[in-house]
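Throughout, the numbering used here is defined as the position within the sequence shown, counted from one, plus 509.
Ideal Cβ positions, reconstructed from N, Cα and C, are used throughout, including at glycine.
Since the structure comes first, as structure tokens, the remarks are kept for the end.
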Amino acid sequence: MGFVAITATIHKLKFDDVEKRLQELGVPGLSVSETKGYGAYKNFYQHDWMGPYARLQLYVPEADGERIACAILEAAHTGLDSDGILAITPVSRLYRISDREEVSADE
């Protein structure tokens, strides 16, 4: 069993809801960065059309990937075109930089 990477770009206003849900699920960690962008939704009232988003990156055991992705989708969903996007991608190997050891899905 391996890992998957979950990358979600969500509306900034929904980040607290998503973070709370991930904590409830016991997700041990994630990375977050602020970003701007547009896709199906374009903010025509702004000069550059870009809206404020948060990009989340998580590495989770493959067996937990769908459950965690569904939780993000539910917590981030408003039904608006500006809700964002989520991707699940396979990870061939995952290492801790601190000890240069490969992480097993059992940890």
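Option nearest residue i by Cα separation, candidates the options
i, options, result
"Thr544", "Val536, Gly538 and Ile519", "Ile519"
"Val513", "Phe524, Lys521 and Val569", "Val569"
"Ser601", "Ala614, Asp525, Asp592 and Val527", "Ala614"
"Cys579", "Asp525, Leu522, Lys523 and Arg530", "Arg530"
"Leu603", "Glu616, Lys521 and Ala584", "Glu616"
Close beta carbons around residue i, own chain, < 7 Å, minus the five adjacent residues each side
i, result
"Arg605", "Val612"
"Ser542", "Arg564"
Supposed contact pair residue j and residue i - C-beta distance, whole angstroms, cut 8 Å
i, j, result
"Tyr562", "Gly546", "6 Å"
"Thr516", "Gln566", "5 Å"
Assigned secondary structure, residue i (DSSP; H/G/I helix, E/B strand, else coil)
i, result
"Arg576", "helix"
"Arg564", "strand"
"Val569", "strand"
"Val536", "coil"
"Glu611", "strand"
For residue i, the residue or residues it bridges with in DSSP
i, result
"Leu595", "Ala517"
"Gly546", "Gly560"
"Phe512", "Pro570 and Val600"
"Val527", "DSSP lists no partner for Val527."
Close beta carbons around residue i, own chain, < 6 Å, minus the five adjacent residues each side
i, result
"Gly511", "Glu571"
Close Cβ partners of residue i (< 8 Å) along its chain, the five nearest in sequence each way excluded
i, result
"Ile594", "Ala517, Thr518 and Gly548"
"Met559", "Lys545, Gly546, Tyr547 and Asn552"
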